[in-house]
Amino acid sequence: ISEALNLLNNVYGAMHPEIAQCLRMLARLNYIMGDHAEAMAYQQKAVLMSERVNGIDHPYTITEYTHLALYCFANSQISTALKLLYRARYLALLVCGEHHPEIALLDSNISLILHAVGEYELSLRFLEKALALNIKFYGPKSLKVAVSYHLVARTQSCMGDFRSALNNEKETYAIYKQQLGEDHEKTKESSDCLRHLTHQAVVLQKKMNEIYTGKPGVGLPPIQIQPPSMGSVLDMLNVINGILFVQISQQDIENFKAEIEKRQAKEEEEKSSATVTDAPSPTNNQNPTPTPTPALPES
Numbered sequence: 001i002s003e004a005l006n007l008l009n010n011v012y013g014a015m016h017p018e019i020a021q022c023l024r025m026l027a028r029l030n031y032i033m034g035d036h037a038e039a040m041a042y043q044q045k046a047v048l049m050s051e052r053v054n055g056i057d058h059p060y061t062i063t064e065y066t067h068l069a070l071y072c073f074a075n076s077q078i079s080t081a082l083k084l085l086y087r088a089r090y091l092a093l094l095v096c097g098e099h100h101p102e103i104a105l106l107d108s109n110i111s112l113i114l115h116a117v118g119e120y121e122l123s124l125r126f127l128e129k130a131l132a133l134n135i136k137f138y139g140p141k142s143l144k145v146a147v148s149y150h151l152v153a154r155t156q157s158c159m160g161d162f163r164s165a166l167n168n169e170k171e172t173y174a175i176y177k178q179q180l181g182e183d184h185e186k187t188k189e190s191s192d193c194l195r196h197l198t199h200q201a202v203v204l205q206k207k208m209n210e211i212y213t214g215k216p217g218v219g220l221p222p223i224q225i226q227p228p229s230m231g232s233v234l235d236m237l238n239v240i241n242g243i244l245f246v247q248i249s250q251q252d253i254e255n256f257k258a259e260i261e262k263r264q265a266k267e268e269e270e271k272s273s274a275t276v277t278d279a280p281s282p283t284n285n286q287n288p289t290p291t292p293t294p295a296l297p298e299s
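Sequential numbering of the sequence shown, starting at 1, is according to UniProt numbering.
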């Protein structure tokens, strides 16, 4: 891709829409490889170029803002990431209106960053909006909807609303169970989350019942809220933005290499046999039998 960038610069010059897209790809590759600073540097160039060649309110430019916000968050520039997402959302509202899948994606990104800084109520408002849009565009049983339900449940649990969180996590579990099966990792994670929320809700309800009955010396139990780490928020941001890191073992790599070599050997063998079949027979080319000339009739 770096070579492609050099060729594009030689052909088109310093400014061109395809160069901006190439810079975006380089930024994404650096991000996947763990070089977040380099990813942000490339993406900043992509944003500036897209603003110049496409315009500030172009859909590509809005996408560039979203990607740059993710890389800024990965580099701990949380305030900058939030400003970029707000700007992208404002431009998206101008371009495509409030009811659009892109708005749902932006709202999910904004809510996660707000969740990371402890702004749970505002985060919940964006999440509920994203959930409604995802249900509208992808259907109630979509995996995107399952993720939205889970994010809503997680935020509600941080606010102490375990009953609502439990109901939303049940929706997540039902979708995962139907779409992925009971043995899938996501289904098991949702089941564990349900058990935790159920335990918290039962403990809270028991203490509240004791308070209502006037039992002396009873107070509300401490709510066990684990503040979100930046790493967990970044992982969820990667998920909703379609960035998946596949863990490949060394054995898988060796098996893949062996399979490639096997296919190449098979192709070479097929080419060799095809060449032998198409070659002309040597007996047909040496000492060909002359065609007899018919005798002329006598005059």
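Heads up, the beta-carbon is just placed ideally off N, CA and C, and yes, glycines get one too.
Assignment of L244 by DSSP, reduced to helix, strand and coil, places it in the coil class. Around the beta-carbon of F126, 16 or more other beta-carbon atoms lie within 10 Å, marking it buried. Each of L70, Q77, P17 and A39 was checked against the Cα of E51, and the nearest Cα belongs to P17. Contact holds between the segment 95-108 and the segment 119-139, because three or more Cβ pairs, one in each stretch, are under 8 Å apart. With fewer than 16 other Cβ atoms inside 10 Å of its own Cβ, L244 counts as exposed. For A46, the closest of F137, E267 and I62 by C-alpha to C-alpha distance is I62. Here K129 really is in contact with D107; their C-beta atoms are around 5 Å apart, less than 8 Å. Counting only runs of 3+ residues, no beta strand (DSSP E) is found wholly inside the segment 59-98.
In the structure shown, G118 falls within a coil segment according to DSSP collapsed to helix, strand and coil.
Closest option to L94, judged by alpha-carbon separation, among S164, L82, I113 and H58: H58. A distance below 6 Å between beta-carbons, with the five flanking residues on each side excluded, links H150 to the following residues of its chain, in chain order: T172. In the three-state reduction of the DSSP assignment, M159 falls in the coil class. For the options H196, A146 and N6, the alpha carbon positioned closest to that of L166 is the one of H196. Its Cα nearest to that of N168, the residue L194 stands out among T187, R87, L194 and E185.
Bounds of the alpha helix (DSSP H) holding A46 are H36 to V53.
Only exposed fits S76, as fewer than 16 other CB atoms lie within 10 angstroms of its CB. Judged by DSSP secondary structure, P17 falls within the alpha helix (DSSP H) whose first and last residues are P17 to I32. The distance from the Cβ of I1 to that of L8 is about 10 Å, inconsistent with a contact at the 8 Å cut-off. Closest option to S123, judged by alpha-carbon separation, among G139, S148 and D35: S148.
Cβ atoms of Y12 and Q43 stay farther apart than 8 Å, at about 20 Å. Per the coordinates, the alpha-carbon of T187 lies some 14 Å from the alpha-carbon of V145.
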